[in-house]
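Structure record follows, encoded as structure tokens.
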Amino acid sequence: MPTNGLRQVLKIQFGLVNDTDRYLTAESFGFKVNASAPSLKRKQTWLLEPDPGQGAAVLFRSSHLGRYLSAEEDGRVSCEAEQPGRDCRFLVLPQPDGRWALRSEPHGRFFGGTEDQLSCFATAISPAELWTVHLAIHPQAHLLSVSRRRYVHLCPQEDEMAADGDMPWGVDALLTLIFQSRRYCLKSCDSRYLRSDGRLVWEPEARACYTLEFKAGKLAFKDCDGRYLAPVGPAGTLKAGRNTRPGKDELFDLEESHPQVVLVAANHRYLSVRQGVNVSANQDEEMDHETFLMQIDRETKKCTFYSSTGGYWTLVTHGGILATATQVSANTMFEMEWRGRRVALKASNGRYVCMKKNGQLAAISDFVGKDEEFTLKLINRPILVLRGLDGFVCHRRGSNQLDTNRSVYDVFHLSFSDGAYQIRGARRGGGGGGGGGGGGGGGGGGGGGGGGGAGPGRTRGRERAPPPPTRPVPPAGRGGFWNTGSHGSVCSDGERAEDFLFEFRERGRVAIR
Numbered sequence: 001m002p003t004n005g006l007r008q009v010l011k012i013q014f015g016l017v018n019d020t021d022r023y024l025t026a027e028s029f030g031f032k033v034n035a036s037a038p039s040l041k042r043k044q045t046w047l048l049e050p051d052p053g054q055g056a057a058v059l060f061r062s063s064h065l066g067r068y069l070s071a072e073e074d075g076r077v078s079c080e081a082e083q084p085g086r087d088c089r090f091l092v093l094p095q096p097d098g099r100w101a102l103r104s105e106p107h108g109r110f111f112g113g114t115e116d117q118l119s120c121f122a123t124a125i126s127p128a129e130l131w132t133v134h135l136a137i138h139p140q141a142h143l144l145s146v147s148r149r150r151y152v153h154l155c156p157q158e159d160e161m162a163a164d165g166d167m168p169w170g171v172d173a174l175l176t177l178i179f180q181s182r183r184y185c186l187k188s189c190d191s192r193y194l195r196s197d198g199r200l201v202w203e204p205e206a207r208a209c210y211t212l213e214f215k216a217g218k219l220a221f222k223d224c225d226g227r228y229l230a231p232v233g234p235a236g237t238l239k240a241g242r243n244t245r246p247g248k249d250e251l252f253d254l255e256e257s258h259p260q261v262v263l264v265a266a267n268h269r270y271l272s273v274r275q276g277v278n279v280s281a282n283q284d285e286e287m288d289h290e291t292f293l294m295q296i297d298r299e300t301k302k303c304t305f306y307s308s309t310g311g312y313w314t315l316v317t318h319g320g321i322l323a324t325a326t327q328v329s330a331n332t333m334f335e336m337e338w339r340g341r342r343v344a345l346k347a348s349n350g351r352y353v354c355m356k357k358n359g360q361l362a363a364i365s366d367f368v369g370k371d372e373e374f375t376l377k378l379i380n381r382p383i384l385v386l387r388g389l390d391g392f393v394c395h396r397r398g399s400n401q402l403d404t405n406r407s408v409y410d411v412f413h414l415s416f417s418d419g420a421y422q423i424r425g426a427r428r429g430g431g432g433g434g435g436g437g438g439g440g441g442g443g444g445g446g447g448g449g450g451g452g453g454a455g456p457g458r459t460r461g462r463e464r465a466p467p468p469p470t471r472p473v474p475p476a477g478r479g480g481f482w483n484t485g486s487h488g489s490v491c492s493d494g495e496r497a498e499d500f501l502f503e504f505r506e507r508g509r510v511a512i513r
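Okay, so the sequence shown: first residue is 1 according to the UniProt record's numbering, each after it adds one.
Set out below in structure tokens:
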């Protein structure tokens, strides 16, 4: 896969929560730190950086100030240092319950406290010196094994997860991180959780919860027995191995999950590259050759379409559309015009893409008619987490009304019909929902993409395998459907599905109407 924009390793941002459920906060005034905030927003977001001296120590940098946390010999702490010095070096000591103890490397004292009474002067670890790690990134992503350079995906036929994919293609490569009892669970696209023995289960039981550890910017997942997840055997089955210290086999990258789409033309057939490099509307089945990775340019808001065969759609002579480009250029960019349940695409020559009589695509139309309209369906968000500028979308406590400023999130289920999506809430009280991730920290924002029906399992680097007889079904019913109230409020208690339209107008963001 070309690396010009397709693979973005997510910068690990997080919050630190103390024993009284308050977040470590870096204030602009006086560069003071406190633990007073009840939720994870911009001021509570931190980055972990390795010590330039190549030792075991790490640095904590405030995401919004760009300055480093430091502890002086007398225990005073601040976030004033513009460059990391000796007092900025901390050792992270993971505890059995998943929390961290932070010890100043030069002074040997532990960092902790409550409210505005924070210090780094404790000689022993008490509850006040323990911090829970709360990721501030969008929790839906791809997981890449560092040692094998392969992506983790759901293998529905083998009933497991495996790190054997050359590309994170299709719905089965989507993972959702669920924050559960101060640990994290790995949730597959069919809403099951990965247990440390490699099995997939419906509830986030103790053996399906992991402590996060960071090493050189990579992630490791430690189970309740102190062992780490790793790809095991020739198939790369993901399970806890024997190691009690994370080596290269136990390290993973989190990568941004771009929308993957299928498009249906006016002849009711899928756009495909199955028969060569021409993009044509000539297939009745939705498989890898009919799936395209859609990426929106931050500046122009135009989009590219990348095929499973390794090429971008590009405009060629006489208006033809081929999936042959290996680099992004003006000819690979398309302007999207949202037309209710349909979308029209305008190429760099200023003309609209249409379906010719033989099914091939060409940018030769000056106006939009039936042959210039396409149905676009997102296939890699069967479950969906949404984040806005101020936080995540989650139901209000004691109510089914949805808020957009929460530090915890609901996991929603999507279905698709004729260009529209139906959104259903998670069942209450089980493993369907989750808390995690951060509020609108830094340049985050955005929704997690949309998604239609999950479809059968896909294999990476080759055509999709035959589907299993049936997809696993959750043991209990889901929650209510999204519906709009009389005053424009949105609730998740509807008995009947209501249609919502998804419009992808900016990178990583979706407008829902």
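Where a beta carbon is used, it is the ideal one built from N, C-alpha and C, also for glycine.
query, result
"Three or more C-beta pairs below 8 Å linking the region 9-18 and the region 368-383", "no"
"Beta-bridge pairing of residue 534 - partner residues as DSSP gives them", "Residue 534 lies beyond the residue range present for the chain, which begins at 1 and ends at 513; the question has no answer from this structure."
"Three CB pairs or more closer than 8 Å across the region 140-153 and the region 236-253", "yes"
"Other residues of its chain near V261: CB distance less than 6 Å, five sequence neighbours each side excluded", "F292, M294, L376 and L378"
"Status (buried if at least 16 other CB within 10 Å, exposed otherwise) for G53", "exposed"
"Residue environment, E299, which counts as buried when at least 16 other CB atoms sit within 10 Å", "exposed"
"Reference R86; option with closest CA among A344, V17, G55 and V343", "G55"
"Minimum C-alpha distance to T237 - residue among G113, C185, V152 and R339", "V152"
"As assigned by DSSP and simplified to three states, the class of A128", "helix"
"Buried versus exposed, by CB contacts within 10 Å (16 or more), E115", "exposed"
"Completely contained beta strand (DSSP E) runs for the region 250-316, where each covers 3 or more residues", "252-256, 260-264, 270-272, 280-283, 292-296, 303-307 and 312-315"
"Coarse secondary structure for G113, derived from DSSP in three states", "strand"
"Neighbourhood of D19 by C-beta distance below 7 Å, restricted to the same chain and skipping five residues each side", "P127, A128 and L130"
"Burial state of N349 (16 or more Cβ within 10 Å)", "exposed"
"Per DSSP, the bridge partner or partners of G494", "F481"
"For L91: DSSP bridge partner residues", "R103"
"Contacting residues, own chain, Cβ-Cβ under 8 Å from A454 (five flanking each side not counted)", "At A454 the pLDDT is 37, less than 50, meaning the model places this residue with poor confidence and gives no usable figure here."
"Closest residue to E105 among C79, G75, E503 and N278 (Cα-Cα distance)", "G75"
"From F334, W338 and K302, residue whose alpha carbon lies closest to that of V353", "F334"
"Residues bridged to C224 [DSSP beta-bridge criterion]", "Its beta-bridge partners do not exist; DSSP assigns none."
"Residues of its chain near F60, where Cβ-Cβ distance is below 7 Å and the 5 sequence neighbours each way are ignored", "W46, L48, Y68, L69 and F90"
"Buried/exposed call for D164, threshold 16 Cβ in 10 Å", "buried"
"As assigned by DSSP and simplified to three states, the class of T211", "strand"
"Endpoints, beta strand (DSSP E) assigned at H153", "R150 to C155"
"Exposed unless 16 or more other CB atoms sit within 10 angstroms - verdict on F14", "buried"
"Secondary structure of H138, DSSP reduced to three states", "coil"
"Buried versus exposed, by CB contacts within 10 Å (16 or more), A162", "buried"
"Cutoff 7 Å; reference R176; Cβ partners in own chain excluding five residues on either side", "Checking the displayed sequence, the identity of residue 176 turns out to be Thr instead of Arg. Answer for T176: P139, Q140, K187, I383, V385 and V411, listed in chain order."
"Outcome for Q180 when other beta-carbon atoms lying within 10 angstroms are tallied against a minimum of 16", "buried"
"Beta-carbon proximity list for V58, same chain, < 8 Å, skipping 5 on both sides", "L48, E49, P50, D51, R89, F90, L91, V92 and F214"
"Residue range of the unbroken beta strand (DSSP E) whose run includes E335", "E335 to R339"
"Beta-bridge partners of C120, as assigned by DSSP", "F111"
"Sequence-distant residues of its chain with Cβ nearer than 6 Å to C185 (five each side left out)", "I178, Y193, P204, A208 and C209"
"Distance between beta carbons of G340 and L501, contact taken as under 8 Å", "7 Å"
"Reference L322; option with closest CA among T123, C303, A230 and L361", "L361"
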